[in-house]
Amino acid sequence: MEWDLPKLFNRPAQLTDAPIDTERVARRISAYIYGNILVLAALIPVTKAQETLGIAIVVGAALSTFLAHIFAESVGQTLRLDRTLTRAERSGELRDSLPILTSAVVPSVILCTALIGWLEPRTAQLIAEFAMITRIASISYVISRLRRERVTSGTHWAAIGLAAVAAAIVVIKVFLTH
C-alpha cells in the first residue's frame, strides 16, 4: 500500500458532515497543548538518579493538572452560564480536559522501556522529550484539518514555530521553578 501524504493530511476532520462545535474543539486543543507543555516540563529536570521516579513525575504532573483544569473550567463555565452545570455539561468538561491526561501516555510508555531495560534511561528521556515537542508541533496539522484547510508550507512553518514556542516555554518554566 502506497502512502498518499497530501491526501492523508487533507482528509476530512471527522467522518460525518455534522458541524464541529468550535468552542469545544478549541477547549480540547487548548488542553492538549497545555498538557503536553506541562508533561514536557516535568520530563526535562528528571535526572539519572530519578529514572524510576520519572514515570511518577510525568503521571503526577498530568493527573494534578487534569484535576485542576477540570475544576477551573467547571467553575468558569458555571460563572459564564450563571447556573449550576448539568451532569451532561460536567461530563463535557471532563471530556474536554482529557487531552491533558492523555499527554502523559506516550512519555510514560517510553520511560517504561528504560525501566525494563530496553533503552538506557537518558535515551528514553530524550526520546520522550522529542515526542512531546513533536506532539505540540503537530497541532498545526490538526487545526488545518478542523478548519478543513489544505496543508501548506504555512502549516509546516506553524508547526516549527509551535515547537520553538513550546520549547521556550518549557525552558522558562524549568529555569524558574526547578
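Just so you know, we're using our numbering here: the sequence shown kicks off at 1 and counts up by one.
All residues carry an ideal CB built from backbone N, CA and C; glycine is no exception.
Since this is a predicted model, take the numbers as computed values, not measurements.
Next item on the list: Note down the Cα distance separating SER138 from TYR34, rounded to an integer number of angstroms.
Entry: 14 Å
Next item on the list: Out of SER30, ALA128 and GLY117, point me to the one whose CA is closest to ILE110's CA.
Entry: ALA128
Next item on the list: Enumerate in chain order the residues of its own chain whose CB-to-CB distance from LEU101 is below 8 Å, with the five nearest sequence positions on each side excluded.
Entry: GLY35, ALA62, LEU63 and PHE66
Checklist line | Extent of the continuous alpha helix (DSSP H) run through SER184 | finding: Beyond the ends of the chain as shown, which are 1 and 178, falls residue 184; an answer cannot be given.
Next item on the list: Below 8 Å CB to CB, which residues in the same chain sit around GLN77 once its five sequence neighbours on both sides are set aside?
Entry: LEU85, GLU89 and GLU93
Check: Which residues in the same chain have their Cβ closer than 6 Å to the Cβ of ARG122, if we skip the five residues on either side of it in sequence?
Finding: none
Notebook entry, point to check: Hey, out of VAL142, GLY161 and ALA104, whose CA is closest to ALA26's CA?
Noted result: VAL142
Notebook entry, point to check: From LEU98 to GLN125, what distance separates their C-alpha atoms?
Noted result: 23 Å
Check: Looking at C-alpha atoms only, which residue of VAL39, LEU176 and GLY54 is the closest neighbour of VAL46?
Finding: GLY54
Notebook entry, point to check: With DSSP run on the structure shown, which of helix, strand or coil describes ALA104?
Noted result: coil
Next item on the list: Reducing DSSP to helix, strand and coil, say where ASP21 ends up.
Entry: coil
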